[in-house]
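Read the structure below first, then the notes.
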Amino acid sequence: MTKRLQLAFFYEDLAKMVDTSSLIELIAPVPEFESQIVQIIEDIGQSGYLLFMYGVSGSGKSTFLSSLQWRKHIPISEIINVDASACSDPHVSGTKLRNLFHRLSGIGNKLLARRQNDTDYRICVIIDYLESLQDEENANIVSFFRDLNGLLRRVPMLLVWPVTNEAEVQFMYESASSFSSVMFHRRIPIMKFAGPPLDSYASIAQKTISILNDGQSYHDFQLNESDFSLAFNLL
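Reminder that position 227 of the sequence shown reads as 214 in my numbering, one-by-one numbering, no gaps.
Given below as structure tokens:
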């Protein structure tokens, strides 16, 4: 009897199913986008940058960002994820952005304290699960980006904000730019992430199956090369 095929449809599921060493083996490098991150990090001086990262759902944004801490050529000391969905107060409306800023400010203050003894310590902070500001009042959006601009002027961190909708990215960028264009890297304010090369899809999928299923090959689940070609064409 053929065993049930184990798959992970989201990065969060994948991270729960395998250990770190397996993740490192599984994640395909994307040099084009890694080099952009390196460029931004190396240009950070006394102030930080906000980077919007646009990519369609399923392009691998979360996987890519998590992998940065394992790439030895990328000068990031620590990656900190901030769950924006946990910043809302169900009893008080309009508090998400204010609470999010307080989280970011707290992280920034800890970084400044750490850098007093280690000037090479660099962090990347990722804002998770906030892909639209359409439900936020304009006054709250204005206040958030005004305060964020002040924070990044004094804290040398890279703040990455992944978004899946291009119109939302443009709205956020224009809202933030109304306060200061120096909040962004002069050449890379928005990263348009396309994921790994398309011709690597089959090998990534096959390796994923093996790692998630105790080393079994895709052949053990009655799959063949044409199945991966078919799945790719349906994307």
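Heads up, the beta-carbon is just placed ideally off N, CA and C, and yes, glycines get one too.
Which residues in the same chain have their Cβ closer than 6 Å to the Cβ of Y(-2), if we skip the five residues on either side of it in sequence?
S49 and T50
Going by the beta-carbon positions, is the gap between N68 and S119 smaller than 8 Å?
no
Compute the distance between the beta-carbons of L145 and L38, then report whether it is under 8 Å.
yes
Is the beta carbon of L(-8) sitting closer than 8 Å to the one on F215?
no
Name the DSSP bridge partner or partners of F39?
W148 and I177
Is it buried or exposed, K(-10), if we count other Cβ atoms within 10 angstroms and call 16 or more buried?
exposed
Should the region 122 to 131 be regarded as contacting the region 168 to 177, the criterion being three or more beta carbon pairs within less than 8 Å?
no
Distance, Cα to Cα, I114 vs F88?
Taking the straight line joining both Cα atoms gives about 11 Å.
Keeping to the same chain, check which residues put their C-beta closer than 8 Å to that of V43; ignore five residues upstream and five downstream.
So the qualifying residues of the chain are T151.
Round the Cβ separation of P149 and M40 to the nearest angstrom and send it over; I've been treating them as touching at under 8 Å.
Contact flag correct, Cβ pair sits at about 5 Å.
How is the beta strand (DSSP E) around N68 delimited, first residue to last?
E65 to D70
Should S195 go down as buried or exposed, given a rule of 16 or more other Cβ atoms within 10 Å for buried?
Here residue 195 is Thr; the residue named in the question, Ser, does not match the sequence. Classification for T195: buried.
Where the alpha helix (DSSP H) through V156 begins and ends:
E153 to S164
Taking buried to mean at least 16 other C-beta atoms within 10 Å of its own C-beta, is F131 buried or exposed?
buried
Same chain only: Cβ atoms within 6 Å of Y108, ignoring 5 sequence neighbours per side
Same-chain partners within the cutoff: S64, R101 and R102.
Please determine, among P62, R58, E29 and H78, the residue with the shortest C-alpha to C-alpha distance to V17.
R58
From which residue to which residue does the beta strand (DSSP E) around D115 run?
I110 to D115
What's the C-alpha gap between D30 and L91?
Straight-line Cα distance between these residues: approximately 21 Å.
Which residues in the same chain as Q56 place their Cβ atom closer than 7 Å to its Cβ, once the five residues preceding and following it in sequence are excluded?
I63 and I66
Give me, in chain order, the residues of the same chain whose beta-carbon lies closer than 6 Å to that of N86; leave out the 5 immediate sequence neighbours on both sides.
C74
Whole-angstrom Cβ separation of I24 and I61, contact assumed at under 8 Å?
Confirmed, about 6 Å.
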